[in-house]
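Those sequence lines, one after another, are chains V and R. This note's numbering puts the first residue of the first sequence at 1, with every later residue one more than the last. This note's numbering puts the first residue of the second sequence at 1001, with every later residue one more than the last. Yeah, the Cβ is synthetic: ideal placement off N, Cα and C, and Gly gets one too. Since this is a predicted model, take the numbers as computed values, not measurements. I have placed the structure first, in the form of structure tokens, so that the comments after it can refer back to it.
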Amino acid sequence: MSAVEDVVTEAPAVEAVPKRAMTLGYGTSLVVLAALIITPLLVKNFIIFQMTMLLIYALAVLALNILTGGSGQFSLGQSAFYAVGAYTSAILMEHFNINYALTLPIAGIICFGFGFLFGQPALRLSGVYLALATFALATAMPQLLKLGFFEHWTGGVQGLVVTKPDAPFGLPMSQDMWLYYFTLAIAIGIYIASVNLLRSRSGRAFMAIRDNEIAASAMGVDVAKYKTLAFGVSAGITGIAGGLGAIAVQFVAPDGYTITLAISLFLGMVVGGVGWLPGSIVGSAFIIFVPNIAEGISKGLSGAVFGVLLFLVIFLVPHGARQVALVAQQLAAKLKKN
Amino acid sequence: MLVKLRTAAFSAAVIAFAFNSSSALAQKKYDTGASDTEIKIGNIMPYSGPASAYGVIGKTEEAYLKMINDKGGINGRKINFVTYDDAYSPPKAVEQVRKLVESDEVLAVFNPLGTPSNTAIQKYLNSKKVPQLFVATGATKWNDPKNFPWTVGWQPSYQSEAQIYAKWLLKEKPDAKIAILYQNDDFGKDYLKGTKDGLGAKASSMIILEESYEVSEPSIDSHIVKIKAANPDVLLIYATPKFGAQTIKKTAELGWKPLQIITNVSASVGSVMQPAGFDNAQGVLSAAYAKDGADPQWNNDPNMKKWSEFVDKYMPGADKTDGSIVYGYGAAQTLAKVLEMCGDDLTRANVMKQAASLKDFTPDTLLPGVKINTSVTDFAPIAQLQMQRFKGQKWELFGEIISGDVPSE
């Protein structure tokens, strides 16, 4: 085995996370949930829109977290799945007049299939090679969307404008608020399902593969099946997030789904803590708000300021929000003892 | 009798009051974002990301409005220019524009840049009835007052520019064999459509080859070789600056001398003609609507002197050959004109009304004879260009100012 391969197969970036440490306690979960439900009643529509985007990106980060934190596979191609989900929803809504809520499961299923199929060739790759293969997917996607062949459906470079849904049953709330609660309900559903998935037999198989592929196959885990399954599930959730994103932004265009998005999602996962699902929302907040803060500090050097902030986070808390949460938990335990 | 009198007096008082208040209202009317002391204008620009070179436009506009404020503002009100980075990403553009409208509460969104970003925010701004004023993109679709009464363009659309080339060719070279090289996206296709519309019935016989390239290709040499093989005598270059320079250079290297017309987007002396080689670029044609900051023929032009003084004072160290500074100055001056015309009626409806009633307005940086005209059915402010020929190290204008009005969709 060459030195390069050693480095690659070592996979030190994803360390083993015990499955109980992947979630929050009941008390904390309820507090977060209450905050997410009540805040929109008190703030402006613009903030509600930002919170909707926060949840949508959190879903996409969560999906990547299942793939990387759960099964130990890298992906820099999440923007491609996000784009497929977004375009599926947009095309179904605008060309086929299908209800927005129904387009989401379809987007999820299509992306699941897409991810599952992509997982097949990806089986032969691991570590940085897999990251590069998915990177190729992310760079190819915006141009595929521009292809003249699909232009009738995708609108080419011009993109597609999506109509924003009103609140149903004459509920007295704004479009933004309705969309927020709609997204929140879906996000909670997916979060609970993901937690259960990782606690189930399949989840244990994912983690066994992540920790040691050879040992996992010796235990009777079908490595190929579970690796592709992880890709499929991750792509499916990303697709739903993409569909929600298209409805919230009311517009899809190839320029919205470049490699920058894939890297942002990857960044969100690392900042939130790899393998720690609740960290997804922290990571999502980082990728949405920190660029705005950086711009507020210096317009000309916003990129540099963002870089410095990111460097500080990685340097001070390399395990992201999970580390902060652990320290807080230990402090709380100490206080209780005293 | 007494009752009657009192009623009469009362109604007279009511009428007087009504008159008073209505005249008071006519004097000063404000929407969100305007007050006795301030007018708040929002803007989004790609300060980061793939199109960050255009960020200079936003900086120029900020500097121009600062100059206006230093001179006392517009009708006594200072302009508060709030500009955000959208990184040329449509979702980010939506977020930033919503922030401008709902959190910063601006009166209007001025000169947002890029076709994808503007498409993403158009529906939102129109449903909120917030002016999307003088968008910085050449797509033709912005001139659509019927469906989007709150969106208005500024620069000549790509289609109208292409029509001008077609008109000129029909007149000067009616038996031309034309090859078109275009970028395979909305920018290139708009030019293609404009050319065909302009040539009309003769399009099919005059155009012998349409060749497209992808913006991701490193070099377009192979396309040029292919075009040469078809042996056209006119080459229309609808390419962005990098590819424009490559085309002119490669054509010369092949020892081929067709009549070349290059889009105004790639007519920059500094970033296209110089890299292509001045020797190779002799005789290339293009069209212009604005003066070139690097061109010495405007050194004694009083209007360009104003521009030059502005750059020296408010943007010290800026590169005067950068077309974005000329662009931003002209757009900001148009905004200032519209706000001035609004007087004390600073409602969003009146901003649109004034933006649609510009008559023969000439910003300092436009070519002599090019005028801004708008009406309730014409939301394409600049629709005139003049042909120019590259000679020595600069463009020389020739011929008449040509109009390329494309009717609104």
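Collapsed DSSP secondary structure at residue i in the structure displayed
i          : result
Val-403/V  : Absent from the structure is residue 403/V, since the part of chain V shown begins at 1 and ends at 338.
Gln-120/V  : helix
Gln-143/V  : helix
Glu-1105/R : coil
Trp-1168/R : helix
Met-51/V   : helix
Ala-1087/R : coil
Leu-1254/R : coil
Phe-74/V   : coil
Ser-1375/R : strand
Leu-132/V  : helix
Asp-1295/R : coil
Tyr-1047/R : coil
Gly-1399/R : strand
Gln-330/V  : helix
Ala-1024/R : In this prediction, Ala-1024/R scores a pLDDT of 44, lower than 50, which makes its location untrustworthy; the coordinate-derived value is nonetheless stated afterwards. In this structure, Ala-1024/R counts as helix in the three-state DSSP scheme.
Ile-98/V   : coil
Val-274/V  : coil
Lys-1099/R : helix
Where residue i falls, given that 16 or more other Cβ within 10 Å makes a residue buried
i          : result
Gly-69/V   : buried
Ile-38/V   : exposed
Pro-1218/R : exposed
Asn-1231/R : exposed
Leu-1199/R : buried
Lys-1196/R : buried
Val-1234/R : buried
Glu-1062/R : buried
Gly-1399/R : exposed
Met-219/V  : exposed
Thr-52/V   : buried
Lys-1359/R : exposed
Phe-1134/R : buried
His-1223/R : buried
Gln-1393/R : exposed
Tyr-26/V   : exposed
Gln-1132/R : buried
Ala-136/V  : exposed
8 Å Cβ cutoff met for residue i and residue j
i          : j          : result
Ser-1321/R : Gly-1270/R : For the sequence presented, residue 1321/R should be read as Thr rather than Ser. Their beta carbons are under 8 Å apart, which means Thr-1321/R touches Gly-1270/R by this criterion.
Ile-1079/R : Ala-1136/R : no
Pro-1191/R : Thr-1263/R : A small fix is needed here, since residue 1191/R is Tyr in this sequence, not Pro. In contact: Tyr-1191/R and Thr-1263/R (Cβ atoms closer than 8 Å).
Gly-232/V  : Phe-112/V  : yes
Met-1045/R : Asp-1104/R : no
Ala-1034/R : Leu-1107/R : yes
Tyr-87/V   : Ala-60/V   : no
Leu-1181/R : Ile-1237/R : yes
Gly-275/V  : Val-282/V  : no
Ile-214/V  : Tyr-226/V  : no
Gly-1055/R : Ala-1087/R : no
Val-1150/R : Lys-1129/R : Before going on, a small fix: residue 1150/R reads as Trp here, not Val. Yes, the pair counts as a contact, with Cβ atoms nearer than the cut-off.
Ala-246/V  : Ala-90/V   : yes
Gln-175/V  : Ala-167/V  : yes
Phe-118/V  : Val-84/V   : no
Pro-40/V   : Met-177/V  : yes
Ala-138/V  : Leu-130/V  : no
Strand pairing of residue i, partner residues [DSSP]
i          : result
Met-1387/R : Ala-1287/R
Ile-1178/R : Ile-1207/R, Val-1234/R
Gly-1042/R : Val-1082/R, Val-1109/R
Ala-1410/R : This structure does not reach residue 1410/R, given that chain R is present from 1001 up to 1409, and the question cannot be answered.
Thr-1151/R : Gln-1132/R
Leu-42/V   : For Leu-42/V, which the question treats as bridged, DSSP gives no partner whatsoever.
Leu-1346/R : Tyr-1030/R
Leu-1212/R : Checking the sequence, you will find Ser at residue 1212/R rather than Leu. Note: Ser-1212/R sits in a beta bridge opposite Tyr-1182/R.
Contact belief for residue i with residue j at Cβ below 8 Å, rounded distance in angstroms
i          : j          : result
Gly-1042/R : Val-1109/R : 5 Å
Ile-48/V   : Tyr-180/V  : 5 Å
Gln-50/V   : Ile-288/V  : 7 Å
Ser-1157/R : Ala-1380/R : 6 Å
Ala-1304/R : Asp-1364/R : The residue asked about is misnamed: residue 1304/R is Met in this sequence, not Ala. Yes, Met-1304/R and Asp-1364/R are in contact; Cβ-Cβ is about 7 Å, under 8 Å.
Phe-46/V   : Lys-1099/R : 6 Å
Phe-1390/R : Val-1284/R : 5 Å
Gln-1333/R : Met-1341/R : Incorrect: roughly 13 Å between the Cβ atoms, too far for contact.
Pro-1112/R : Gly-256/V  : With a Cβ gap of about 16 Å, Pro-1112/R and Gly-256/V do not count as contacting.
Residue i: contacting residues in chain B (beta-carbon distance under 8 Å)
i          : result
Tyr-1124/R : This model lacks chain B altogether; the protein chains it does include are V and R.
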